[in-house]
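In terms of the numbering used here, the sequence shown has 511 at position 485, counting the first letter as 1, and numbering is strictly consecutive. The beta carbon of each residue, even a glycine, is placed where N, CA and C say it ideally should be. Bear in mind the structure is a predicted one, so any value in this text is a computation, not a measurement.
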Amino acid sequence: MADVMADKKPALRAASLSGAFDLRAWMDKARAMGQLEEVDGADLKFEIGAITDLNAKRGGPALLFRNSAGGKDNGFGLLTGSMLNAATLGLTMGFEGALDNQQVVDKVAGYLKSVEGHAHDFPVEYVKTGPVMENQRTGDDIDLGIFPTPVWHELDGGPFIGTGCFQIHQDPETGWTNVGTYRNQLLGKDVVGNYISPGHHGHIIRMKYWAQGKPCPVVMCFGAHPLFLLMGSSDVPAGVDELSWVGAVAGRRVPVIKGPVTGLPIPAEAEIVIEGFAYPDETMVEGPFGEFTGYYAGGQKPEPMVRVKALYYRDNAILLGSPPCRPPNDFSYQFSVMRSAAIKEAMRRAGVPAVKSVWVSEAGGSRMWIVTSISQKYAGHATQAAAVACSCQAGGLMARYSIVVDDDIDPSNNDEVIWALSTRSDPGKDFSIINQGWDNPLDPLLTADDKEHGRLWNNRVLINACRPFNRLNTFAPVAVASPALTQAVKKKWARLFS
Ligand SMILES: Cc1cc2nc3c(=O)[nH]c(=O)nc-3n(C[C@H](O)[C@H](O)[C@H](O)COP(=O)(O)O)c2cc1C
Numbered sequence: 027m028a029d030v031m032a033d034k035k036p037a038l039r040a041a042s043l044s045g046a047f048d049l050r051a052w053m054d055k056a057r058a059m060g061q062l063e064e065v066d067g068a069d070l071k072f073e074i075g076a077i078t079d080l081n082a083k084r085g086g087p088a089l090l091f092r093n094s095a096g097g098k099d100n101g102f103g104l105l106t107g108s109m110l111n112a113a114t115l116g117l118t119m120g121f122e123g124a125l126d127n128q129q130v131v132d133k134v135a136g137y138l139k140s141v142e143g144h145a146h147d148f149p150v151e152y153v154k155t156g157p158v159m160e161n162q163r164t165g166d167d168i169d170l171g172i173f174p175t176p177v178w179h180e181l182d183g184g185p186f187i188g189t190g191c192f193q194i195h196q197d198p199e200t201g202w203t204n205v206g207t208y209r210n211q212l213l214g215k216d217v218v219g220n221y222i223s224p225g226h227h228g229h230i231i232r233m234k235y236w237a238q239g240k241p242c243p244v245v246m247c248f249g250a251h252p253l254f255l256l257m258g259s260s261d262v263p264a265g266v267d268e269l270s271w272v273g274a275v276a277g278r279r280v281p282v283i284k285g286p287v288t289g290l291p292i293p294a295e296a297e298i299v300i301e302g303f304a305y306p307d308e309t310m311v312e313g314p315f316g317e318f319t320g321y322y323a324g325g326q327k328p329e330p331m332v333r334v335k336a337l338y339y340r341d342n343a344i345l346l347g348s349p350p351c352r353p354p355n356d357f358s359y360q361f362s363v364m365r366s367a368a369i370k371e372a373m374r375r376a377g378v379p380a381v382k383s384v385w386v387s388e389a390g391g392s393r394m395w396i397v398t399s400i401s402q403k404y405a406g407h408a409t410q411a412a413a414v415a416c417s418c419q420a421g422g423l424m425a426r427y428s429i430v431v432d433d434d435i436d437p438s439n440n441d442e443v444i445w446a447l448s449t450r451s452d453p454g455k456d457f458s459i460i461n462q463g464w465d466n467p468l469d470p471l472l473t474a475d476d477k478e479h480g481r482l483w484n485n486r487v488l489i490n491a492c493r494p495f496n497r498l499n500t501f502a503p504v505a506v507a508s509p510a511l512t513q514a515v516k517k518k519w520a521r522l523f524s
């Protein structure tokens with residue numbers, strides 16, 4: 027990946043990345059990097075979910091499941107673990123190298139900053155057809171049951187076809203195209219569930235159609251290059267065409283086909299796509315599903331659903347799976363990186379100075395535990411940073427702990443963060459509570475009564491775990507070998523520390 031910040035105009039990504047939107051080209055590269063393994067004959071019921079989770083917990087390679095037990099013998103595949111480490115995330119976004127969490131966040135924050143300025147140079151490119159149109163089904167011929175769709179967790183209400191997915195909506199008032207990742211339970215051969223949390227853009231757009239008494243048109247994609255999943259599940263601001271962001275990251279316009287049923291753009295190189303409609307007041311019982319918080323808090327209840335009017339897929343199509351569960355899970359690494367980078371960017375735009383790094387912990391569901399490191403410049407700086415981190419769009423939803431530490435602490439290193447919390451914060455004066463923050467019905471602390479009465483909010487705490495600003499020069503020195511001494515010792519005694 028070229029240095030995007032040095033590059034004033036397009037090709038944000040190296041020119042060698044042709045086939046930029048083809049999942050199969052991505053898989054070939056992952057295989058060559060030793061980041062793709064094949065799994066033959068695993069069971070769709072629970073076994074694939076458990077393998078996927080174990081692999082996620084070790085930050086492993088992508089897994090391609092073939093000939094899965096309980097599925098149909100039709101040549102379709104299932105890929106999970108597409109972005110569990112810096113190597114596969116870098117392959118998706120176009121950067122290389124063994125990077126630690128802070129370096130990855132800086133890379134991605136640089137992308138976001140650059141992409142924002144370049145996205146208008148990468149509008150989607152309409153093409154007549156593409157690989158996704160190799161197979162086309164309408165009416166009674168639609169059967170989503172042909173794909174290898176796992177029942178991911180033991181308490182799930184059924185198979186979920188949409189996990190590593192994304193869906194495309196257009197705002198009926200402005201024409202803005204939004205891409206969002208929202209789960210889809212397989213509820214029938216041509217019906218899928220469509221749980222979208224309040225406040226998410228897909229929810230807002232759907233409500234606009236319904237307020238006009240119209241069905242909401244949608245394109246859903248259940249398999250594609252992971253870059254779509256990455257951007258679809260990222261906090262791209264409202265009004266920004268996310269397909270052009272995908273194009274700007276890839277350095278190539280996204281080829282799309284105008285959907286014959288909805289008129290919405292269909293990524294031409296996708297693996298599996300449907301067109302359909304969500305009708306006002308039409309719901310089906312959805313869930314439960316093992317969620318990203320680590321619980322089944324959403325339960326089982328009536329939710330909007332989508333009636334599928336057309337199905338398109340490639341020969342030997344590959345479904346992309348990215349199931350949640352108790353973190354770390356299949357998408358928590360990329361979710362943490364993207365959110366951390368987006369918050370860092372939001373803080374820059376809000377004018378908070380001297381932010382060194384941000385890390386939203388995977389263990390906190392990549393939402394609830396935000397740690398920011400700063401070089402303190404003035405009294406009150408730490409509290410300001412904590413407040414912005416958990417109030418901006420990227421960090422606002424479900425934030426519960428917003429902690430600010432000095433710049434000698436790596437926010438992604440829990441030992442360092444706990445040390446700072448334990449030795450530099452005084453609960454009597456360094457904790458400030460914000461009430462009624464933006465929450466989500468999947469929060470396990472909300473009660474059924476809260477949800478029924480619309481009390482969809484949480485409380486959050488800002489924690490200043492920096493050395494007191496007025497004692498910066500007099501605070502007790504840190505008892506650890508200096509960086510120079512550490513480096514010299516490691517060099518001289520290399521055989522002990524290799
Ligand atoms: C694999 C995966 C599954 C997700 N499932 C859901 C979901 O079912 N409902 C939801 O509202 N958000 C879900 N999210 C989170 C949203 O995709 C994310 O918050 C995104 O920024 C929403 O986009 P929007 O702001 O354009 O609506 C999921 C994210 C990932 C990575």
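With a 10 Å radius around its C-beta and 16 neighbouring C-beta atoms as the bar for buried, classify residue i as buried or exposed.
i, result
"residue 509", "exposed"
"residue 523", "exposed"
"residue 38", "For residue 38, the predicted structure reports a pLDDT of 37, less than 50, and the residue's modelled location is therefore unreliable. A value from the coordinates is still provided. Under this definition residue 38 is a buried residue."
"residue 175", "buried"
"residue 404", "exposed"
"residue 481", "exposed"
"residue 531", "Not covered by the structure: residue 531. The range shown for the chain is 27 to 524."
"residue 504", "exposed"
"residue 499", "exposed"
"residue 1", "Past the edges of the chain, shown from 27 to 524, lies residue 1, and the structure says nothing about it."
"residue 393", "buried"
"residue 519", "exposed"
"residue 401", "exposed"
"residue 188", "buried"
"residue 511", "exposed"
"residue 167", "exposed"
"residue 465", "buried"
With distances taken Cα to Cα, identify the nearest neighbour of residue i among the options.
i, options, result
"residue 276", "289, 257, 290", "257"
"residue 375", "117, 135, 98", "135"
"residue 270", "66, 303, 83, 202", "202"
"residue 182", "286, 325, 293, 521", "325"
"residue 261", "142, 200, 55, 241", "142"
"residue 154", "246, 117, 294", "294"
"residue 440", "387, 79, 132, 213", "387"
"residue 265", "473, 192, 145", "145"
"residue 305", "321, 196, 244", "244"
"residue 96", "78, 111, 107, 66", "66"
"residue 60", "316, 71, 100, 117", "117"
"residue 191", "119, 355, 345, 63", "345"
"residue 273", "299, 110, 46", "46"
"residue 300", "313, 197, 285, 312", "285"
"residue 126", "488, 78, 111, 312", "111"
"residue 457", "468, 435, 491, 463", "491"
"residue 108", "357, 419, 506", "357"
Give a single yes or no on whether residue i has its beta carbon closer than 6 Å to a heavy atom of ligand 3.
i, result
"residue 432", "This structure lacks ligand 3; the ligands present are ligand 1."
Q. Do the segment 210-226 and the segment 275-283 touch if we need at least three Cβ pairs shorter than 8 Å?
A. no
Q. So does the segment 441-456 actually touch the segment 197-217, counting three or more Cβ pairs closer than 8 Å?
A. no
Q. What are the uninterrupted segments assigned as alpha helix (DSSP H) that are 4 or more residues long and contained completely in the segment 209-242, given in chain order?
A. For the segment 209-242, whole alpha helix (DSSP H) runs of length 4 or above, ordered along the chain, are 227-237.
Q: Please list the segments of the beta strand (DSSP E) lying wholly inside the segment 154-209, counting only runs of 3 or more residues, in order along the chain.
A: If we require 3 residues or more, the beta strand (DSSP E) runs fully inside the segment 154-209 come out as 161-164, 186-188, 192-196, 203-206.
Q.
Closer than 8 Å is the cut-off here; do at least three beta carbon pairs connect the segment 412-427 with the segment 439-450?
A. no
Q) Which full runs of the alpha helix (DSSP H) of 4+ residues lie inside the segment 394-475, going along the chain? A) If we require 4 residues or more, the alpha helix (DSSP H) runs fully inside the segment 394-475 come out as 407-415, 419-422, 440-450.
Q: Spell out a yes or no on whether the segment 334-351 and the segment 223-230 are touching, meaning 3 or more CB-CB pairs, one atom from each, closer than 8 Å.
A: no
(Q) Check whether the segment 365-374 and the segment 86-101 are in contact - that is, three or more C-beta pairs closer than 8 Å. (A) no
Q) Can you list the alpha helix (DSSP H) stretches of 4 or more residues lying completely in the segment 60-128, in chain order? A) 73-83, 112-119
**Q.** Sufficient close CB pairs (3 or more, under 8 Å) joining the segment 48-58 to the segment 248-256
**A.** Enough Cβ pairs lie closer than 8 Å, so yes.
Q.
For the segment 463-472 against the segment 482-492, do three or more pairs of beta-carbon atoms, one drawn from each stretch, fall closer than 8 Å, so that the two count as touching?
A. yes
Q: Please list the segments of the alpha helix (DSSP H) lying wholly inside the segment 249-288, counting only runs of 4 or more residues, in order along the chain.
A: Those alpha helix (DSSP H) runs which fall completely within the segment 249-288 and span 4+ residues are 252-258, 268-276.
Q | Touching by the beta-carbon criterion (3+ pairs, under 8 Å), the segment 234-243 and the segment 299-316 | A | yes
(Q) If we require 4 or more residues per run, which alpha helix (DSSP H) segments fall completely within the segment 483-508? (A) none
Q. Which runs of the beta strand (DSSP E), 3 residues or longer, sit entirely within the segment 305-353?
A. 309-312, 327-339, 344-346
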